[in-house]
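So the sequence lines, in the order shown, correspond to chains A and B.
In terms of this note's numbering, the first sequence opens at residue -3 and continues consecutively.
In terms of this note's numbering, the second sequence opens at residue 308 and continues consecutively.
Note that beta-carbon positions come from the ideal geometry of N, C-alpha and C, so glycine has one too.
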Amino acid sequence: MRITNFDAIGETLYEETLPNGLRICVVPKRGFQSSYAVFATDYGGAHRRFTIDGEQRDTPAGVAHYLEHKMFDLPGGDNALNLLSANGADANAFTSSDTTAYYFQSTGHFEENLRMLLHFVSTPYFTDETVQKEQGIISQEILMGEDDPDNAIYYRMLRMLFDHHPIRDRVVGTVESISHITAQTLYDCHKVFYAPSNMALCVEGDVDPDEIVRIAREELGDEKASLPCPDFGEAESLLPIETAVTEIWPVSAPQFLIGAKLRGEPKGPAALRQRLTAALSLRLLLGQSSPFYTRLYSEGLLNRDFGTEVDFVAGASYVLVGGESQKPEVVLDELKKAVQDVREHGLSPERFERAKRASLGARLRGLEDFESVCLSLVSGIFDGYSAMGAITELSNITIADCERFLSETFSDEHLAMVVFRPEEKGEA
Amino acid sequence: MEITRSELMPGVWLSHLKSDKFKTACLSLNLLTQLTRETAALNALVPSVLRRGTTRYRDLEALSSRMDELYGVAIEPVVRRIGEIQCLGFFASIPEGEFLPGKQDVLRPACELLGQLLLDPATRGGLLPQPIVESEKEKLADALRSRINDKRSYSVLRCIEEMCAYEDFSAGSRGRAEDVEAIHYRKLTKQYRELLQCCPIEIFYCGRSSLDEVKACLTDALAPLPRGEINDDIGTELRMNALEAEPRQVEESQSVTQGKLVIGYRLGECMEGPDIPALYVFNAVFGSGTTSKLFMNVREKRQLCYYASSLLDIHKGLLLVASGIDLDKKDAALEEITAQLDAVRRGEISDEELAAAKAGVSSDLRALLDSQGELEGFYLSQALDGADYGPAELAELIGEVDKARVQAIAESVDCDLIYFLTGNGDEEADDADNEL
């Protein structure tokens, strides 16, 4: 087992790869009551077309999420969620565009719960009847997402940015697409994507790393399967498909999202560096202490809902900037001006140092959250870097890195904006 | 973890929880005042106006830059209600010096900044600046209006508003948008000064610094706090029973594809001497979490909804069941939810259900010891209730709850109002698509 001490932040990381290819990360935390474990597969809503053993396969939108729902069923009519809950564990799962994760948090019976987690996720059991039955519940979930402006505006933006990459489509699929899913579809996808070699197990809590490795090996065996090869289509250009869209929605005030595609770094340490550069750059340009945000907030053009994110999913990457504003077009203009200012005058070295300090503090705070630590370890495993190294790597990011990131990402021709406006009064 | 309570100044209480396991400390300061419909919005505006600038750090940029300099100390305005007590103040998250370059201590400068935010705001002619007040008014009103965007939480809020229409509880934690619009900056300044003089203040600290260190920093930072006659006469009015013989029905329509059914209950007579552990277990048996009757039956077995769960307000004595359902399933869902409550009333609780509920509640309480944010909320609520037990002790008490005590809670529950958010006809096109 590889053991790395991160003295500055008082953490130790244990890493192991099993003979079956499963990658394991453990962060022991003495003195904490709860433990958190996540067992995740490098498989999500975007993995619809893939090649396995030389054969190309296409699956309907929403399979990964549907599979997640049905994984909890066990042979004999048991439900893993109930068994875990009965043990006092708080268990759940989620599916994103590129990951399906099953997790629990518990304050007792950790080893039993861990065995149950590994067991149910590696035990497919579906019948056409149970698969059929789930359609009602998932259809409700799909409809709920369609009513939710945050969810809808997000997917609208992805459709403006991406021409054909499958992250354009909702992870949950549509009521129509999921109607094509059968028990056999689920068995096939489970076989391809839920092999330990395509998965990661990350644990944080007052736990024994050796014991976790032993349990994982016992539950999952040593057989190593070949890895699937997902096909997300031809690489896309950095230009958006549409640059401006406005829709009428039942919202209280205009909601906007500004987006731009990034050229993602290949997997490995460069990917971590790009993620850190992106986060620090966004803090500098648009963060709480930035002249952009403080001025627009004071002038009533932005409020506390304003935020940014950068996502690296399924080989695609993009920046989103969004919030609520009576004048989204002005916000976009001001954003362009702020970037132009960086191009002409560079970033202030004092602000850069302050932003690094603030980022260090924020990352220390992030370490308290087991779920976010474990999920970032999972992302790191799938993308080939160690997420624990973030705080050390942060000190290596330079002001020039951030200036370059901002000028390239936010060049005018890369930007797209979607606005959801309330119906004008009297327009009905 | 040891909690120590001490009075720093008249009516200013510090709860100090020493813990070495976190990498950031948390510090919150709350002014406590009676929630009323007349003052809820006015009071709610105070912390966010104060957060705009101090005499020393005049504007948002100067203030935020100072926090960045202190390794991302975050001091945010917080407004909440616990029962009918409105809590106004700030929540600060402070990196522990041990993990910072050169092991710098940022607790003292963070306390100083907190003190300045509370006591030394940027003013014009002795008044909170009008442009700042207007700007924060607009944001608060926008935030209140934007509640409609999230139908799930909106429907719960609306149910409470209607159910408690004759009680101050209906003001919510931050009042109403129309009340915000009427606020004048002179009036706000006057209210701010009154709050400082009269409100009991609860401070919570959790981190590595000793009680003496924290006391010293806070005593210095709060030295200029003016203290007048402290208004300790604050509390929550309890209504035991439904307002009318039959549950009131409220229906609202919007352009939605999924309906939201929210049922509001009064916890009833059991609130005369509330059996807190039994209330928690009842809620878990009936409707919170994946082993509950609502989840198992309404969602899993009968597939009537995407979600159906219950939540309690132990201070106000309310039980709410919230669900997301097909627009035409209102009656079926209502019937099934009621049937599940009736089952608990009849004591139809299996040993497995009871054990799972107790395990879940105990585990949640113990997990709370790992989260500073949750500890803060727990101990603030305990301070208001004058209760002296911690989460671990409450978790122990959960273990002793039996079926009869859970049944007793269910028997006391009284349905008061049924709220339904339904579609307005626009959604028919969607339904047609779905049938393809």
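Assignment of alpha helix (DSSP H) within the stretch 389 to 457 of chain B, counting only whole runs of 4 or more residues, yields 414 to 426 and 437 to 452 in chain order. Residues of the stretch 391 to 407 of chain B with a C-beta atom less than 8 angstroms from some C-beta of chain A are Ser400, Pro402, Glu403, Glu405, Phe406 and Leu407, listed in chain order. Phe2/A: member of the beta strand (DSSP E) spanning Arg(-2) to Phe2, first to last residue.
Here DSSP, grouped into helix, strand and coil, assigns Asn337/B to strand. With a threshold of 16 other beta carbon atoms within 10 Å, Asn194/A meets it and is buried. In this structure the stretch 370 to 385 of chain B does not lie against the stretch 499 to 512 of chain B, because fewer than three pairs of beta carbons, one per stretch, are closer than 8 angstroms. Taking 7 angstroms as the CB threshold, Leu676/B lines the interface with chain A.
Note: Leu625/B is bridge-paired with Arg573/B and Asp620/B in the DSSP secondary-structure output.
Straight across, the Cα-Cα distance linking Ile389/B with Cys333/B is about 20 angstroms.
Put simply, the CB of Ser313/B is far from chain A, with every gap to its CB atoms at 7 angstroms or more.
Residue-level contact by beta carbon fails for Phe189/A and chain B, as no gap is shorter than 7 angstroms. Along the stretch 662 to 688 of chain B, going in chain order, the ones with a CB nearer than 8 angstroms to a CB of chain A are Ala662, Ala663, Ala666, Gly667, Ser669, Ser670, Asp671, Arg673, Ala674, Leu676, Asp677, Ser678 and Gln679. In the pairwise beta carbon analysis, the stretch 379 to 392 of chain A is classified as not touching the stretch 210 to 222 of chain A: fewer than three pairs are separated by under 8 angstroms. Its chain contains Ala591 and Gly596 as the residues whose beta carbon lies nearer than 6 angstroms to that of Gly667/B, once the 5 sequence neighbours on both sides are disregarded; these appear in chain order.
Inclusion of Lys567/B and Gly631/B in the CB contact set at 7 angstroms is warranted, their separation being smaller than that value. Pairwise C-beta distances place the stretch 708 to 718 of chain B in contact with the stretch 646 to 655 of chain B, as three or more of them are shorter than 8 angstroms. Remark: C-beta atoms of Ile174/A and Gly283/A do not approach each other more closely than 7 angstroms.
A residue is called buried when at least 16 other Cβ atoms come within 10 angstroms of its Cβ; Arg363/B does not meet this threshold and is exposed.
If you check the CB distance, Ser368/A and Gly376/A do not come in under 7 angstroms. DSSP, reduced to helix, strand and coil, places Lys263/A outside both helices and strands of the structure shown, so it counts as coil. For Thr645/B, the closest C-alpha among the options Asp695/B, Leu321/B, Glu403/B and Gly571/B is that of Gly571/B.
Assigned with DSSP and collapsed to three states, Glu660/B falls in helix.
In this structure, Gly217/A is the residue among Ala76/A, Pro71/A, Ala89/A and Gly217/A with its C-alpha nearest to the C-alpha of Leu14/A. Cβ atoms of His160/A and Gly229/A come within 8 angstroms of each other, at about 5 angstroms. For Thr47/A, the secondary structure class from DSSP, reduced to helix, strand or coil, is strand. Judged by beta-carbon spacing, Ala412/A lies within the 7 angstroms limit of Pro236/A, meaning their Cβ atoms are closer than that value. Arg291/A has its alpha-carbon roughly 40 angstroms from the corresponding atom of Asn731/B.
For a cut-off of 8 angstroms, the C-beta gap from Val338/A to Met153/A is around 23 angstroms, too long to register as a contact. At the C-beta level, Phe416/A and Trp245/A come within 7 angstroms of one another. In terms of Cα proximity to Ser355/A, the closest of Thr273/A, Gly50/A and Cys225/A is Thr273/A. Taking a Cβ-Cβ threshold of 9 angstroms, none of the residues of chain A is close to Leu701/B; the smallest such distance is about 13 angstroms. The beta-carbon of Phe2/A is placed no less than 7 angstroms from the nearest beta-carbon of chain B.
For the stretch 308 to 361 of chain B, the continuous alpha helix (DSSP H) assignments of 4+ residues that do not extend past its boundaries occur at 347 to 357, in sequence order.
Per the coordinates, the alpha-carbon of Thr126/A lies some 36 angstroms from the alpha-carbon of Leu675/B. Near chain B, meaning a CB-to-CB distance below 8 angstroms, the residues of the stretch 123 to 151 of chain A are Lys129, Gly132, Ile133, Ser135, Gln136, Glu137, Leu139, Met140, Glu142, Asp143, Asp144, Pro145 and Asp146. Using a Cβ-Cβ cut-off of 9 angstroms, Asn194/A is close to nothing in chain B; its nearest Cβ partner there is about 27 angstroms away.
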